[in-house]
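If you're matching positions, the sequence shown starts at 1 in full-length UniProt numbering and goes up one per residue. The structure appears right after this line, and notes come after that.
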Amino acid sequence: METKSMPSVLHEYNFKSIEEFLDAVTHQKCSYYASHFLAVEEGELAQVDDSVQHSLQIFKTLDLSTEEHFFPVYRGGPDYVYKDWKLSPLARVLMLVDGDPTNVREIARKQTELIDRMLNHM
Numbered sequence: 001m002e003t004k005s006m007p008s009v010l011h012e013y014n015f016k017s018i019e020e021f022l023d024a025v026t027h028q029k030c031s032y033y034a035s036h037f038l039a040v041e042e043g044e045l046a047q048v049d050d051s052v053q054h055s056l057q058i059f060k061t062l063d064l065s066t067e068e069h070f071f072p073v074y075r076g077g078p079d080y081v082y083k084d085w086k087l088s089p090l091a092r093v094l095m096l097v098d099g100d101p102t103n104v105r106e107i108a109r110k111q112t113e114l115i116d117r118m119l120n121h122m
């Protein structure tokens, strides 16, 4: 009978400080990229940051921890680097409901889609 051995190292982490480790733990539930969720084109990346900033203000108004729900990351393509955001599930839903404040038609479409999903899954 053949036995399978476990790998000797499952994950190797090289945190330089306890703060880096705590940041990683705090942001582990941030699993959605704002740019993917908002489906913006390369030339519209500034809209991502505008939408996130608006959502951050809403979280602050509600006294919710922004650090646990929004995490800035830098991503890139072959010829560019841009700022993106990783979002928690709660931040993702808020951005779905709130959307881009300059695009009322898109907000209405996303809100209608969300309400329709909620009503059809109850």
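We treat Cβ as the ideally placed atom computed from N, Cα and C, and that holds for glycine.
Cβ pair Leu45, His69 closer than 8 Å:
Within the sequence shown, the letter at position 45 stands for residue 45. Within the sequence shown, the letter at position 69 stands for residue 69. No.
Continuous beta strand (DSSP E) stretch holding Leu87: start and end
Taking the sequence shown and counting its residues from 1, one reaches residue 87 at position 87. Taken as a continuous stretch (DSSP letters only), the beta strand (DSSP E) holding Leu87 covers 81-87.
Residue nearest to Asp84 in terms of C-alpha spacing, selected from Gln28, Glu19, Asp116, Gln53:
Within the sequence shown, the letter at position 84 stands for residue 84. When each option's Cα is compared against that of Asp84, the closest is Gln53.
Grab the span of the beta strand (DSSP E) containing Gly76 for me, first residue to last.
Residue mapping note: residue 76 aligns to position 76 of the sequence shown, counting from 1. Taken as a continuous stretch (DSSP letters only), the beta strand (DSSP E) holding Gly76 covers 70-76.
Residues in the same chain with beta-carbon distance under 8 Å from Val81, minus the five sequence neighbours each way, listed in chain order, please.
As a first step, residue 81 is located in the sequence shown; it is residue number 81 there, counting from the start. These residues qualify, in order along the chain: Tyr74, Arg75.
8 Å CB neighbourhood of Phe59 in its chain, flanking five on each side removed
Walking along the sequence shown from the start, residue 59 turns up at place 59. Counting only Cβ-Cβ distances below 8 Å, and skipping sequence neighbours, we find Ser65, Thr66, His69, Phe70, Ala91, Leu94.
Cutting at 6 Å between CB atoms, please list the residues of its own chain near Lys29, excluding the five before and the five after it.
The count along the sequence shown starts at 1 and reaches residue 29 at position 29. Around Lys29: Ser88.
CA-to-CA distance, Ser31 to Glu19, given in whole angstroms:
Locating residue 19 in the sequence shown gives position 19, counting from the first residue. Locating residue 31 in the sequence shown gives position 31, counting from the first residue. Rounded to whole angstroms, Glu19 to Ser31 spans 20 Å at the Cα level.
Please report the Cβ distance between Lys110 and Leu119, rounded to the nearest whole angstrom; I am assuming they are in contact, meaning their Cβ atoms lie under 8 Å.
Within the sequence shown, the letter at position 110 stands for residue 110. Within the sequence shown, the letter at position 119 stands for residue 119. Not really, about 15 Å apart at Cβ, beyond 8 Å.
At which residues does the alpha helix (DSSP H) containing Gln47 begin and terminate?
On the sequence shown, position 47 is the one that residue 47 refers to. First-last of the alpha helix (DSSP H) with Gln47: 45-61.
Just checking my contact of Ser55 with Asp98 at CB under 8 Å: how many whole Å lie between their CB atoms?
Counted from its first residue, the sequence shown places residue 55 at position 55. Counted from its first residue, the sequence shown places residue 98 at position 98. Their Cβ separation, rounded to whole angstroms, is 6 Å, which keeps Ser55 and Asp98 in contact under 8 Å.
Classify Ser17 as buried or exposed, calling it buried when 16 or more other Cβ atoms lie within 10 Å of its own Cβ.
The residue given as residue 17 occupies position 17 in the sequence shown. Exposed, since its Cβ has fewer than 16 Cβ neighbours within 10 Å.
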